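Since the structure comes first, as structure tokens, the remarks are kept for the end.
Numbering (our numbering), first residue to last: 416 to 895.
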């Protein structure tokens with residue numbers, strides 16, 4: 416039997432996408448996901464919440480010159496709806512908001528377009544956004560932007576973000592003042608009288624589930640009855656800010672799942688996007704994939720949904736850059752370039768010959784100083800790992816001007832290739848051999864740890880038994 420094509424139903428205040436596997440309802444023209452119907456569940460999202468507080472893009476911004484990282488919260492509500500693609504294989508929708516100068520100081524000075532895509536035979540949907548600031552518009556600061564999905568707390572109780580970081584989670588009700596005690600900051604609470612006694616005495620804190628960008632590919636939640644998984648998959652880091660080692664939030668008690676494009680967490684004001692009054696800027700964020708899965712075997716283990724989600728993540732990564740987004744602002748593979756070469760390390764106190772930069776992180780980021788990629792927040796970044804012989808290949812790069820940056824595990828410091836690199840659509844640039852000479856004043860006398868930007872070789876002691884997250888007690892990562 417042929418599969419059902421994708422259908423679009425446009426209603427007065429909502430639009431519905433349906434491919435026979437799932438239905439997604441989006442408010443019209445706001446562009447807020449209000450319902451996801453799948454596998455016999457009429458809505459996976461938090462039905463107790465207002466419709467605008469279920470699945471949405473949001474941001475935090477502030478006026479130019481503002482201090483601190485607390486700004487104005489904007490749950491982005493569009494004002495215009497348009498069908499971009501509508502056929503049996505694909506439906507792509509646009510929800511946009513054009514900045515109005517009469518609202519200066521009240522609304523962030525950006526044109527924002529949110530897009531949603533559903534494909535035939537796909538157990539999920541995609542979303543991406545395009546932000547634009549015109550040159551003549553006022554200066555402002557942008558602190559944070561992300562996609563958030565809030566799920567049904569009566570259904571989704573098990574969270575997974577890594578093979579060794581997954582568990583049953585407390586309920587949001589357990590964080591209420593009469594059931595918990597606030598600790599050093601509002602996000603961290605001691606569960607004093609949780610509804611499920613197994614969580615009594617634990618600390619809940621969303622920051623305990625942060626993850627580096629390079630490892631933040633898939634995370635989400637599992638419902639046991641019926642066995643259903645809800646997963647957020649990010650197939651590329653190119654649109655995330657501050658490089659592969661920047662940490663961001665993932666999933667946390669709510670149940671909530673986040674796709675963070677940019678944040679100032681763990682870094683403060685240094686990572687705020689600060690736009691001048693004479694600065695034009697445009698950037699595409701995403702697409703990300705919201706993947707749903709279920710068990711065909713009624714007796715199967717719901718946790719196998721995590722393994723399936725990881726496999727789907729690998730498929731999405733392999734398919735990047737996607738061929739189906741209809742926006743001209745998202746370049747296809749043939750509109751991108753590639754850069755390759757070999758990185759060597761020159762350290763005569765270690766070896767008389769140049770050493771292949773085994774496992775080096777090599778990336779392209781906007782031009783800047785050595786190590787500036789760690790605080791670069793406005794452009795795109797493209798990273799890879801060198802092989803054991805130091806060879807690297809960075810594929811599918813947006814056209815533009817970049818510096819090549821790198822760092823090598825086991826050697827201190829950062830490398831930068833000083834000449835600007837300008838990838839062109841459809842062309843490969845071969846850099847040849849590049850040599851990094853780490854800073855030295857003489858032979859190594861002694862060292863503590865390994866310069867690999869992790870704490871893997873250091874023992875992390877357990878916290879006070881009064882303030883524990885049991886996931887991390889006797890955890891295999893107690894060393895680092």
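Built from N, CA and C at the ideal position, the CB exists for glycine as well.
Every value quoted in this text rests on a predicted model; they were computed, and no experiment measured them.
Find out if the Cβ-Cβ distance for the pair residue i, residue j is shorter than 8 angstroms.
| i | j | result |
| --- | --- | --- |
| residue 609 | residue 594 | yes |
| residue 498 | residue 567 | no |
| residue 680 | residue 621 | no |
| residue 503 | residue 618 | no |
| residue 733 | residue 706 | no |
| residue 476 | residue 529 | no |
| residue 644 | residue 635 | yes |
| residue 846 | residue 756 | yes |
| residue 849 | residue 758 | yes |
| residue 628 | residue 652 | yes |
| residue 537 | residue 454 | no |
| residue 823 | residue 772 | yes |
| residue 872 | residue 864 | yes |
Would you mind sorting residue i into buried or exposed? The rule is 16 or more other CB atoms within 10 Å of its CB.
| i | result |
| --- | --- |
| residue 569 | exposed |
| residue 624 | buried |
| residue 834 | exposed |
| residue 518 | exposed |
| residue 749 | exposed |
| residue 509 | buried |
| residue 425 | exposed |
| residue 445 | buried |
| residue 656 | buried |
| residue 688 | buried |
Check the DSSP bridge columns for residue i and list the partner residues they point to.
| i | result |
| --- | --- |
| residue 597 | 604 |
| residue 831 | 820 |
| residue 674 | 562 |
| residue 440 | 431, 450 |
| residue 554 | None; residue 554 has no bridge partner. |
| residue 708 | 644 |
| residue 573 | 583, 637 |
| residue 489 | 474 |
Once the 5 residues before and after residue i are set aside, which same chain residues still bring their CB inside 8 angstroms of it?
| i | result |
| --- | --- |
| residue 800 | 774, 775, 776, 777, 807 |
| residue 723 | 644, 708 |
| residue 857 | 764 |
The alpha helix (DSSP H) with residue i in it runs from where to where?
| i | result |
| --- | --- |
| residue 728 | 719 to 733 |
Enumerate in chain order the residues of its own chain whose CB-to-CB distance from residue i is below 7 angstroms, with the five nearest sequence positions on each side excluded.
| i | result |
| --- | --- |
| residue 693 | 550 |
| residue 500 | 506, 507, 741 |
| residue 885 | 617 |
How far does the beta strand (DSSP E) with residue i in it extend, from its first residue to its last?
| i | result |
| --- | --- |
| residue 843 | 843 to 851 |
| residue 547 | 539 to 548 |
| residue 474 | 470 to 478 |
| residue 786 | Taken as a continuous stretch (DSSP letters only), residue 786 belongs to no beta strand (DSSP E), as it is neither H nor E. |
| residue 808 | 806 to 812 |
| residue 780 | 776 to 780 |
| residue 624 | First-last for residue 624: undefined, no H or E at that position. |
| residue 654 | Neither: residue 654 is in no beta strand (DSSP E) and is coded neither H nor E. |
| residue 532 | 526 to 534 |
Between residue i and the rest of its own chain, which residues show a CB-CB distance below 6 angstroms, the 5 nearest in sequence each way excluded?
| i | result |
| --- | --- |
| residue 449 | 440, 442, 466, 469 |
| residue 675 | 561, 663, 664 |
| residue 607 | 595, 596 |
| residue 672 | 564, 635, 647, 666 |
Regarding residue i and the ligand HEM, is the C-beta to nearest heavy atom distance less than 7 angstroms?
| i | result |
| --- | --- |
| residue 475 | Although the ligand HEM was asked about, the structure shown includes no ligands whatsoever. |
Within 8 angstroms of any Cβ in chain C, is that where the Cβ of residue i sits?
| i | result |
| --- | --- |
| residue 461 | Of the protein chains in the structure, only one exists, and it is not chain C. |
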